[in-house]
Amino acid sequence: MINGILLIYRLSLIENAPTIMEHIDAFSDYSQFKVWKVNTCFGFPKDLSKIKFKIILLHYSLFGAAPFGLAGKFLDYVKESNSSYKIAFFQDEYHFCPHRFHLIDQCKLDCIYTLVEPLYFKNTYEKYTKVPKIFYNLTGYVSDNLIEIAELYFKPDKERQIDIGYRGRQLPFYMGKGAQEKHFIGVQFRKLASESGLNLDIETEESKRIYGNKWFEFLANCKAVLGVEAGVSIFDLKDTVRQSCEETITNNPRITFNEIYNKFLHKYENNIPYRTISPRHFEASAFRVCQILFEGKYSGILKPMVHYIPLKKDFSNFDEVIKMFNNQELRHRLTEKAYQDLIASGNYSYRNFIKTFDDELMVGGLQPNNVSGDEIQYVETTLKKGSFYRLLRSLPYRQLPFRKQVINILRPFIKRHFKKSISI
Numbered sequence: 502m503i504n505g506i507l508l509i510y511r512l513s514l515i516e517n518a519p520t521i522m523e524h525i526d527a528f529s530d531y532s533q534f535k536v537w538k539v540n541t542c543f544g545f546p547k548d549l550s551k552i553k554f555k556i557i558l559l560h561y562s563l564f565g566a567a568p569f570g571l572a573g574k575f576l577d578y579v580k581e582s583n584s585s586y587k588i589a590f591f592q593d594e595y596h597f598c599p600h601r602f603h604l605i606d607q608c609k610l611d612c613i614y615t616l617v618e619p620l621y622f623k624n625t626y627e628k629y630t631k632v633p634k635i636f637y638n639l640t641g642y643v644s645d646n647l648i649e650i651a652e653l654y655f656k657p658d659k660e661r662q663i664d665i666g667y668r669g670r671q672l673p674f675y676m677g678k679g680a681q682e683k684h685f686i687g688v689q690f691r692k693l694a695s696e697s698g699l700n701l702d703i704e705t706e707e708s709k710r711i712y713g714n715k716w717f718e719f720l721a722n723c724k725a726v727l728g729v730e731a732g733v734s735i736f737d738l739k740d741t742v743r744q745s746c747e748e749t750i751t752n753n754p755r756i757t758f759n760e761i762y763n764k765f766l767h768k769y770e771n772n773i774p775y776r777t778i779s780p781r782h783f784e785a786s787a788f789r790v791c792q793i794l795f796e797g798k799y800s801g802i803l804k805p806m807v808h809y810i811p812l813k814k815d816f817s818n819f820d821e822v823i824k825m826f827n828n829q830e831l832r833h834r835l836t837e838k839a840y841q842d843l844i845a846s847g848n849y850s851y852r853n854f855i856k857t858f859d860d861e862l863m864v865g866g867l868q869p870n871n872v873s874g875d876e877i878q879y880v881e882t883t884l885k886k887g888s889f890y891r892l893l894r895s896l897p898y899r900q901l902p903f904r905k906q907v908i909n910i911l912r913p914f915i916k917r918h919f920k921k922s923i924s925i
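Mind the numbering: the sequence shown is residues 502 to 925 in our numbering, read in order.
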C-alpha cells in the first residue's frame, strides 16, 4: 500500500473559476503527505486498480451536479478500497442530498469536510449517514498564488477606472431567498445608482461572467465591489423542494419567485442555515478593493464598518452607502484592515488550513512517512500511462471552444488508435 493521498477530482477543460484549482493544488502544495491527483474527466487510468493508497481524498468538484462525477470505475475503486482512509470534501450540499448521503455510506467514508456549521451536523450528516468524523471548513482560503497575482495586478485607487463593479447571476428558485440575493443586489444597486455619476460595471447575466486572468484584471480596476454571503437559504434534505419547484415552473413558466415562494417555498426557508464567506471576499481583500456587502455573518470573519460597508437588504441605507463609498479615506481604512486581517495575518491561508488537515490525519494514526523513490516512480508512471489517449477520448464529450473543429482534425488519429467511430 502506498503511503500517500490519491486526490480524485473533476475539472473540465473549459475555463473555470481559479478558486477550484487553487483548492485542488493546495493539498500537493502544502501537505506533508505525498499527493497524487487524478482528473475523472480524462477517464480511469488503466492500471490504477492495481495500486492501493493509504488515503483517498474525494474533491468537492466531483459532487457539484447530478449525476456525480464519481461514478463507474472510479466509484467501484473507492468502494473496493476497504483498507484506505477515505475523505470527502463537499460544497453545494443543499441539493441532491439523498444521493450524497447514500454515497457516503456506500463508500464507507471515514471523514467529511462540510460547509454546514457544526450546530447543524445532527440534522444533516449525523442523522442521515454513518460517517464517523465531520469537520467544518470554508469554501476556500488564501493561496500564495493569490497574493502574488494581487501584487502583480495592483493599481492605486486613483488609477482604477471602475467605481463599483460586480458579477452575479440568477440562481434557481428552489435555493430560497438567500440565493436570489446574488442577482437582486446587482439589479437593484445598478437601478438606484444609475444617476449617481459613478462609473458602474455591474452585470447579473450568466453570459457576462468573467473567468481566469480577466477576472483579476477586472477586480484590480475596481474601487469597490458588491457582494453577498455565499450559499443558499433552503437546504433540500430530501430533494423534494427542487422537484416540486421545477414541476411548478414547468406548468407555469411565467411564475415569479415571490409567487412560488408564497405558494410553498417559505415553509423551507432557513431550515438549515447554509451561508458563508466566499473566495470572492478573500480576493477583494487581497486586491485591496472596498467591499459593499449585504449585511450578514460572513462566517464571523468579516465585520461591518471594520472590513466592509454594510448595505441593508431593503436598500434603505443606500444614500448613506454611496456617501461612505465616496469617502476615499474610509475606503482606504476598510481595505487596509481587510487586507491585514484576512490576508497578511495568514490566519486564512491554505498553508494553515492544510496543516490542520494533516494534523487531523496524524491524530487518526496516519503518518507522512517518506515514500520510496521506486514507489513514487511506479505510481506516477501508472497514472500517466495512457493519459494522452484518455484525453483524446474525452474530447467528444467536453464542451470546448471550437470543439467540432478540433474533433474533425483529430478524428482520423482517434479512429486509428481506438478503432471506434466518434459521433459528434
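For every residue, glycine included, the Cβ atom is placed at its ideal position computed from N, Cα and C.
Candidates the options, of which the one nearest residue i by Cα
i: V539; options: L512, Q533, I521, T520; result: L512
i: G487; options: Y667, I588, V729, F569; result: Shown here, the chain extends from 502 to 925; a query on residue 487 therefore has no answer.
i: A566; options: D548, F545, F597; result: F597
i: R670; options: V688, K659, E660, L653; result: V688
i: I592; options: Y637, K709, D548, I711; result: For clarity, residue 592 is Gln in the given sequence; the question names Ile instead. Of the candidates Y637, K709, D548, I711, the one whose C-alpha sits nearest the C-alpha of Q592 is Y637.
i: F543; options: D526, F575, L559, A527; result: F575
i: Q744; options: E649, G847, P599; result: P599
i: Y531; options: G865, E660, D860, N763; result: D860
i: Y629; options: P519, D606, T640, I750; result: D606
i: E682; options: Y667, G570, A694; result: Y667
i: H782; options: D875, G698, S697, Y840; result: Y840
i: I703; options: C608, F717, A725, K715; result: A725
i: F788; options: M502, P657, V632; result: P657
i: Y595; options: G570, F564, L571, K547; result: F564
i: L814; options: K804, G797, V864, H524; result: It should be noted that the sequence gives Lys, not Leu, for residue 814. When only C-alpha atoms are compared, the closest one is G797.
i: K609; options: S786, P633, T625, E627; result: P633
i: Y614; options: M806, L639, I509; result: L639
i: L693; options: N624, D820, L672, N827; result: D820
i: P673; options: L549, E747, E627, Y626; result: E747
i: I648; options: H603, L604, G698, F717; result: F717
i: Q829; options: P869, K659, K856, F816; result: K659
i: V807; options: K580, E627, F816, M825; result: M825
i: K623; options: L738, I503, R832; result: L738
Beta-carbon separation (whole angstroms), residue i vs residue j, contact threshold 8 angstroms
i: S562; j: I521; result: 6 angstroms
i: I778; j: Y799; result: 5 angstroms
i: L701; j: I665; result: 6 angstroms
i: L862; j: F534; result: 7 angstroms
i: I686; j: L727; result: 5 angstroms
i: P780; j: L794; result: At roughly 14 angstroms, the Cβ-Cβ gap does not stay under 8 angstroms, so P780 and L794 are not in contact.
i: F528; j: L559; result: Going by Cβ atoms, the distance from F528 to L559 rounds to 12 angstroms, so no, they are not a contact pair.
i: L928; j: I802; result: The structure shown has nothing for residue 928, since the chain only spans 502 to 925.
i: C723; j: R661; result: 6 angstroms
i: V742; j: Y769; result: 5 angstroms
i: Y510; j: L549; result: That belief does not hold up - the Cβ atoms of Y510 and L549 are roughly 14 angstroms apart, past 8 angstroms.
i: I503; j: E876; result: 6 angstroms
i: W537; j: L508; result: 7 angstroms
i: V790; j: T836; result: 7 angstroms
Extent of the continuous beta strand (DSSP E) run through residue i
i: D702; result: 701–704
i: V933; result: With the chain covering only 502 through 925, there is no way to say anything about residue 933.
i: L862; result: No beta strand (DSSP E) holds L862; the alpha helix (DSSP H) holding it covers 851–864.
i: V733; result: 731–733
i: V726; result: 723–728
i: Y712; result: First-last for Y712: undefined, no H or E at that position.
i: Y510; result: 503–510
Opening and closing residue of the alpha helix (DSSP H) in which residue i lies
i: V822; result: 819–826
i: Y637; result: Element bounds for Y637: not the alpha helix (DSSP H) but the beta strand (DSSP E), 634–637.
i: S708; result: That residue, S708, is in no alpha helix (DSSP H); it is neither H nor E in DSSP.
i: D645; result: 645–654
i: K838; result: 829–839
i: Q868; result: Careful: Q868 lies outside any alpha helix (DSSP H) and carries neither H nor E.
i: T757; result: Element bounds for T757: n/a, residue is neither H nor E.
i: K628; result: 626–629
Query raised in the report: Touching or not, the stretch 567–587 and the stretch 539–558, by the rule of three or more beta carbon pairs under 8 angstroms?
Result: yes
Report task. Tell me, please, whether the stretch 732–751 touches the stretch 671–680 by the rule of three or more beta-carbon pairs shorter than 8 angstroms. Result -> yes
Requested in this report: Kindly provide the ranges of any alpha helix (DSSP H) runs that are 4 or more residues long and lie completely inside the stretch 589–617, ordered along the chain.
Outcome: 598–607
Query raised in the report: What are the uninterrupted segments assigned as alpha helix (DSSP H) that are 4 or more residues long and contained completely in the stretch 763–816, given in chain order?
Result: 780–787
Query raised in the report: In the stretch 658–695, which residue ranges form an unbroken alpha helix (DSSP H) of at least 4 residues, counting only runs that do not cross its ends?
Result: For the alpha helix (DSSP H) assignment, the uninterrupted runs of no fewer than 4 residues enclosed by the stretch 658–695 are, from N- to C-terminal side, 678–693.
Query raised in the report: Whole beta strand (DSSP E) runs in the stretch 531–575 with 3 or more residues, listed along the chain?
Result: 536–540, 554–559
Query raised in the report: Three or more C-beta pairs closer than 8 angstroms, one from the stretch 838–858 and one from the stretch 641–650: is that the case here?
Result: yes
Query raised in the report: With contact counted as at least three CB pairs below 8 angstroms, one residue from each stretch, are the stretch 611–620 and the stretch 749–759 in contact?
Result: no
Requested in this report: Count the C-beta pairs between the stretch 705–713 and the stretch 649–657 that are closer than 8 angstroms, then say yes if the count reaches three, no if not.
Outcome: No, they do not touch.
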